[in-house]
Amino acid sequence: MQKKKHIVMMTGDSGIAYGKQNVFFEMLRGFSRHWDCVSVICPSNERGEVIKIHDNVYLYPSGYSKKFHLDVFRHKSFILKKVREIHAAHPVDIIAAHVIPPLFANLKAAMTLGQELSIPYCAEIMHIPGYPKANNLMERIERRSLDYFLKRRGNAIDHIRLINHSDTYEYIVKRLGIPSEKILCIPAFYLDFDLFKVDADTKRDPNRHPL
Numbered sequence: 003m004q005k006k007k008h009i010v011m012m013t014g015d016s017g018i019a020y021g022k023q024n025v026f027f028e029m030l031r032g033f034s035r036h037w038d039c040v041s042v043i044c045p046s047n048e049r050g051e052v053i054k055i056h057d058n059v060y061l062y063p064s065g066y067s068k069k070f071h072l073d074v075f076r077h078k079s080f081i082l083k084k085v086r087e088i089h090a091a092h093p094v095d096i097i098a099a100h101v102i103p104p105l106f107a108n109l110k111a112a113m114t115l116g117q118e119l120s121i122p123y124c125a126e127i128m129h130i131p132g133y134p135k136a137n138n139l140m141e142r143i144e145r146r147s148l149d150y151f152l153k154r155r156g157n158a159i160d161h162i163r164l165i166n167h168s169d170t171y172e173y174i175v176k177r178l179g180i181p182s183e184k185i186l187c188i189p190a191f192y193l194d195f196d197l198f199k200v201d202a203d204t205k206r207d208p209n210r211h212p213l
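Residue 3 is where the sequence shown starts when you use our numbering, and the numbers rise one by one after that.
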């Protein structure tokens, strides 16, 4: 029987660390069955205690103050320290990092840890902010920073997970020049596919662990 693995997920979802049973909470319920242990690094809830859900899922929010967004600017350092501690106690097999511009704390930490600890990692891009049209200044900043980061450092990223093989794929591969062999198109099956279209060639493999 194949041994189950330990995955570290770096999320931008802060609600789950406050006890909200949201979409991410429900996704983890089924996702966790594929793993021996799921460790989730969360944004600050200003308390910083470890939270256990679904028997084998452990949430690690930072405890930094949100005043003046101090938690945001210190988040990469928190991730590095916490994942090193987790890995020392229970070796990590893979990292999945949610890409969040403009600071990219999750992805930068995953890239550092991947090289330092020889852990494979996957950068997850759920959508392109401000594409095809930005609604506000923040979306313009996020998209430009994403473009700049991926053009500059995209070749150094192990793999990039996308949830579809249409607009996002075209943007990442053709516009930003990321090699197609780095792209993993793995749908998020809790999404409404009337809104988020999945390419017909993208099929779920029941023997493959989701990322």
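Virtual Cβ for every residue (Gly too), placed ideally from N, Cα, C. Note that the coordinates shown come from a computational prediction; the quantities given were computed from them, not determined experimentally.
Excluding the 5 residues preceding and the 5 following tyrosine 62 in the sequence, name in chain order all residues of the same chain whose CB lies nearer than 7 Å to its CB. Here residue 62 is taken as the residue at index 60 of the sequence shown, counted from 1. Cβ neighbours of tyrosine 62 beyond the five flanking positions: Ser41, Val42, Ile43, Cys44, Val52 and Lys84.
Which of helix, strand or coil does DSSP assign to histidine 100? Position 98 of the sequence shown, counted from the first residue, corresponds to residue 100. The answer is strand: DSSP assigns histidine 100 an E or B state.
With contact counted as at least three CB pairs below 8 Å, one residue from each stretch, are the stretch 148-157 and the stretch 90-106 in contact? yes
If you count every other CB in all the chains shown that lies within 10 Å of the CB of phenylalanine 70, and 16 or more means buried, which is it? The residue you call residue 70 lines up with position 68 of the sequence shown. By the beta-carbon neighbour count (other beta carbons within 10 angstroms, threshold 16), phenylalanine 70 is exposed.
State whether the stretch 175-190 contacts the stretch 149-166, with contact taken as three or more CB pairs (one from each stretch) at a distance under 8 Å. yes
Could you check whether valine 94 and leucine 119 sit closer than 9 Å to each other, using their CB atoms as the reference points? The residue given as residue 119 occupies position 117 in the sequence shown. The residue given as residue 94 occupies position 92 in the sequence shown. Yes, they are a contact pair.
How big is the Cα-Cα spacing for alanine 19 and glutamate 28? On the sequence shown, position 17 is the one that residue 19 refers to. On the sequence shown, position 26 is the one that residue 28 refers to. CA-to-CA, the gap between alanine 19 and glutamate 28 works out to about 14 Å.
Same chain, Cβ closer than 6 Å to isoleucine 96, neighbours up to 5 away in sequence not counted: Along the sequence shown, one-based indexing puts residue 96 at 94. Closer than 6 Å at the Cβ level, and outside the excluded window around isoleucine 96, lie Ile9 and Pro122.
What does a CB cutoff of less than 6 Å around valine 200 pick up in its chain, not counting 5 residues either side in sequence? For the purposes of this step, residue 200 is taken as the residue at position 198 of the sequence shown. Summary for valine 200: the model assigns pLDDT 44, below 50, so the residue's position carries little reliability; its value from the coordinates is reported in the next sentence. Cβ neighbours of valine 200 beyond the five flanking positions: Asn166 and Pro189.
If we ignore side chains and look at the alpha-carbon of each, how far apart do isoleucine 180 and glutamate 87 end up? Here residue 180 corresponds to residue number 178 of the sequence shown, with the count starting at 1. Here residue 87 corresponds to residue number 85 of the sequence shown, with the count starting at 1. Approximately 32 Å, taken between the alpha carbons.
Cα separation between isoleucine 55 and lysine 6? The count along the sequence shown starts at 1 and reaches residue 55 at position 53. The count along the sequence shown starts at 1 and reaches residue 6 at position 4. In a straight line, the C-alpha of isoleucine 55 is about 18 Å away from that of lysine 6.
At what residue ranges does the stretch 92-151 contain a whole run of the beta strand (DSSP E), taking only runs of 3 or more? 96-100 and 123-127
In or out: histidine 89 buried (at least 16 other Cβ within 10 Å) or exposed? What you label residue 89 is simply residue 87 of the sequence shown in a count that begins at 1. The residue in question, histidine 89, is buried, as its Cβ has 16 or more Cβ neighbours within 10 Å.
Buried or exposed: which applies to alanine 99, given that a residue is buried once 16 or more other Cβ atoms fall within 10 Å of its Cβ? In the sequence shown, residue 99 corresponds to position 97, counting from 1. With 16 or more other Cβ atoms within 10 Å, it is buried.
Looking only at its chain, what residues have a beta carbon closer than 8 Å to the beta carbon of arginine 76, apart from the 5 residues adjacent to it on each side? Sequence index remark: in the sequence shown, residue 76 carries index 74 (1-based). Excluding positions up to five away in sequence, the list reads Ser64 and Tyr66.
Status (buried if at least 16 other CB within 10 Å, exposed otherwise) for alanine 125: Taking the first residue of the sequence shown as position 1, residue 125 is located at position 123. Classification for alanine 125: buried.
Cβ distance (whole Å) where phenylalanine 26 is taken to contact aspartate 38 below 8 Å: Numbered from 1 along the sequence shown, position 24 holds the residue referred to as residue 26. Numbered from 1 along the sequence shown, position 36 holds the residue referred to as residue 38. Not a contact, Cβ separation roughly 20 Å.
What are the start and end residues of each continuous beta strand (DSSP E) run of 3 or more residues lying completely inside the stretch 12-43, in chain order? none
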